[in-house]
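Going by UniProt numbering, the sequence shown opens with residue 1, and the numbers climb by one from there. Glycine included, C-beta positions come from ideal geometry on N, C-alpha and C. Here's the structure, in structure tokens; my notes come after.
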Amino acid sequence: MSSAERQNSTEEVDYRALVEIFKKNGHFDSLRKDALQQFKEKQSDDLLQKLHEVTEQELTNDESLQHKNSFKAVPLIVGAIDRSRFYSQTKEEIKNTIMTDAQLRSRIAEMLEEIYKESLPSTKEEP
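Set out below in structure tokens:
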């Protein structure tokens, strides 16, 4: 193996190691918390409104729920929410919002690049 090939092989990126370091340094949790906070600030009111509408519709459709013990009524209302695809639509909306956020993607790239640079052997010659 020539010195050029050896140089290239030592500079190959171990992506799994970068991701592991990214997680161990708390970057993943930090980004997750930031994304959740952004989502809460921007879209939580819409989601609560949708949830309220589904709940009201179920209470209108089955008036007996208003008179039932909450231990019996809540599972029935949750079932109605499940049938309305509220959770799957919300999950998809969150995923689409986060995955298309250019600023978030840029932050991730910058963090990974910094980890990569820190993992490279020092090029300084010691006296």
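Tell me the start and end of each unbroken alpha helix (DSSP H) in the UniProt domain "BOD1/SHG1" (18-119) that is at least 4 residues and wholly inside, in chain order. 27-61, 70-83, 86-99, 102-119
Which word fits Glu110, buried or exposed, when buried means at least 16 other C-beta atoms lie within 10 angstroms of its C-beta? exposed
Could you tell me the alpha carbon to alpha carbon distance between Ile77 and His52, rounded to whole angstroms? 11 Å
Pick from Pro121, Glu118, Arg107, Tyr116: whose alpha carbon is nearest that of Phe28? Arg107
For Glu56, count the other beta carbons within 10 Å of its own beta carbon; 16 or more makes it buried, fewer makes it exposed. Which is it? exposed
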